[in-house]
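Peer 1:
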Amino acid sequence: MPLREAICAWHKRELKSSYEPKECIVNVGGKHAIFNVASVLVQAGDEVLIPAPYWVSFPDIIKYTGATPVYVQTNVEDGFAVRAEAIEKAITPKTRLLILNSPSNPTGGVTPPGEYERILAVCKKHNVWLMGDECYSHFTYEPNKPYSIASAAGAKENVIIIGSVSKTFAMTGWRIGYTLGPAELVSAVVKLQSQSTSNPTSIAQHAALAAMTGTMETVPVMLAEYARRRKRIVDGLNAIPGVKCQQPGGAFYAFPDVSAHLSGPHAMAKDTTELATLLLERARVALVGGDAFGAPGYLRISYATSLERIEEGLRRLDKFFSRAEAAA
Ligand SMILES: Cc1ncc(COP(=O)(O)O)c(C=O)c1O
């Protein structure tokens, strides 16, 4: 109970919502929260809208429930924002849920608040649940600000919020996430969770309580550091032949387009999965191919690491891709 109270108070203070503890459940990380909500909400015959590129776990969780993931494309020219018009076009009588992750993993795309509210209106019109995955809420770069759709008027009956202490408080290994939503939905998740995992470890709950009731002064410090790394990595990637990278609006991933290296007579690999393996084996750089996120032609590179490592990574990437360019 103290943690649920603290989460509701924190969310109200930071993101302007108005939840009570009966509308909150603490889960074993944000992933568990999404899994449990999806499990009580959708089943075979239902469709779930997932903007693409997407976080890898969304489609797999939805497939596990028996429901069908339906992808809604976002694009680089639009900063990978999710658009209400595209969502409405994808809705069918079977659509039951939309999962909207802003800022997005893997693209860093931020859906602007006004657009998010239009998406909520579309969801309400078609009686579709809107799940807002806010795991990166506090990693938004100027001019973007932390935002929750739960702060919009009339949001509560259609909206489910997923949050986590993994990113905001750098507590990934503690495994604490939460769900905020209508009491009836939360009580269904309570039922499922009490017969499966039970509550998260009490020690971890106490740590999360300390985080959520403590000062938030570490967050701007982390964000300023991420902003520095973002600039360096984006500039560095754009200086590499055949690599194009946009500034992500949030999160801590660079998402460069490397499609120039995947086509033509001098293609380095058949797809980004193969390219990521080559980069690991030959250049000793660990990153993820865009194919895993429904984004062929892209790579996802985390900059949640030191500037020195980023510099070294960029040197290795430059060497790897420049050699390809020279061979072309
Ligand atoms: C988009 C997104 N949602 C949810 C999570 C879940 O995080 P956790 O289970 O660590 O709270 C992650 C973790 O990478 C993520 O990227």
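Okay, so the sequence shown: first residue is 647 according to this note's numbering, each after it adds one. Even for Gly, the Cβ is constructed at its ideal location relative to N, Cα and C. Given the structure is predicted, the values throughout are model-derived calculations rather than measurements.
Run the Cβ filter for me: residues under 6 Å from any heavy atom of ligand 1, listed in the order they occur in the chain.
Peer 2: This selection yields G675, G676, K677, W701, N747, N751, D779, C781, S810, S812, T818, G823.
Peer 1: Give the DSSP-derived three-state secondary structure of R742 in the structure shown.
Peer 2: Here R742 sits in strand by DSSP.
Peer 1: So, helix, strand or coil for A900, using DSSP?
Peer 2: Note: A900 maps to strand in three-state DSSP.
Peer 1: Just curious, the beta strand (DSSP E) that E803 is in, first and last residue?
Peer 2: Neither: E803 is in no beta strand (DSSP E) and is coded neither H nor E.
Peer 1: Please state the DSSP three-state secondary structure of N751.
Peer 2: In the structure shown, N751 sits in coil (DSSP, three-state: anything other than H, G, I, E or B).
Peer 1: Residue range of the beta strand (DSSP E) that S842 falls in?
Peer 2: First-last for S842: undefined, no H or E at that position.
Peer 1: Going straight from the alpha carbon of D692 to that of S844, what length do you get?
Peer 2: Looking at the two C-alpha atoms, the distance is approximately 27 Å.
Peer 1: Compare the beta carbon distance of F966 and A929 with 8 Å and say whether it is the shorter of the two.
Peer 2: Yes, these two residues count as a Cβ contact at 8 Å.
Peer 1: How many whole angstroms separate the CB atoms of A727 and G755, which I take to be in contact at a CB cut-off of 8 Å?
Peer 2: Correct: roughly 6 Å between the Cβ atoms.
Peer 1: Using a Cβ-Cβ cut-off of 7 Å (strictly less than) and excluding sequence neighbours within five positions of F975, which residues of its own chain qualify?
Peer 2: Past the boundaries of the shown model lies residue 975; the chain is included only from 647 to 974, so the question cannot be answered.
Peer 1: Starting from W775 and walking both ways along the beta strand (DSSP E), at which residues does that stretch end?
Peer 2: Start and end: 775 to 779.
Peer 1: If contacts are defined as beta-carbon pairs under 8 Å, then I808 and M858 qualify, I think. What distance do you get, rounded to the angstrom?
Peer 2: That belief does not hold up - the Cβ atoms of I808 and M858 are roughly 16 Å apart, past 8 Å.
Peer 1: Can you give me the Cβ contacts of V832 inside the same chain, cut-off strictly under 6 Å, excluding the 5 residues immediately before and after it?
Peer 2: Hits under 6 Å: E669, I671.
Peer 1: For V768, I'd like the list of residues in its chain whose CB is within less than 8 Å of its CB, leaving aside the five on either flank, ordered along the chain.
Peer 2: Taken in chain order, the residues that qualify are A730, I733, E734, I737, V774.
Peer 1: Which residue from L869, S968, S848, D724 puts its Cα closest to that of H912?
Peer 2: It is S968 whose Cα lies nearest to the Cα of H912.
Peer 1: Anyone know if the C-beta pair for I675 and S812 falls short of 8 Å?
Peer 2: Inspection of the sequence shows that residue 675 is occupied by Gly rather than by Ile. Yes, they are a contact pair.
Peer 1: Looking at the unbroken alpha helix (DSSP H) that takes in R612, where does it start and where does it end?
Peer 2: For residue 612 there is no data in the structure shown, the boundaries of the chain being 647 and 974.
Peer 1: Since I believe N804 is in contact with L766 (beta carbons under 8 Å), could you give me their beta-carbon distance rounded to a whole number of angstroms?
Peer 2: Correct: roughly 7 Å between the Cβ atoms.
Peer 1: So what does L695 bridge to, in DSSP terms?
Peer 2: Per DSSP, V716, L744.
Peer 1: For T847, tell me which candidate among Q839, W820, M868 has the shortest Cα-Cα distance.
Peer 2: The option with the nearest alpha carbon to T847 is W820.
Peer 1: Identify, in the order they occur along the chain, each residue of the same chain with its Cβ nearer than 6 Å to the Cβ of Q719, setting aside the five sequence neighbours on each side.
Peer 2: Around Q719: A698.
Peer 1: Have a look at K770, V904, N790 and flag the residue whose alpha-carbon is nearest the alpha-carbon of T757.
Peer 2: The shortest C-alpha separation from T757 is found at N790.
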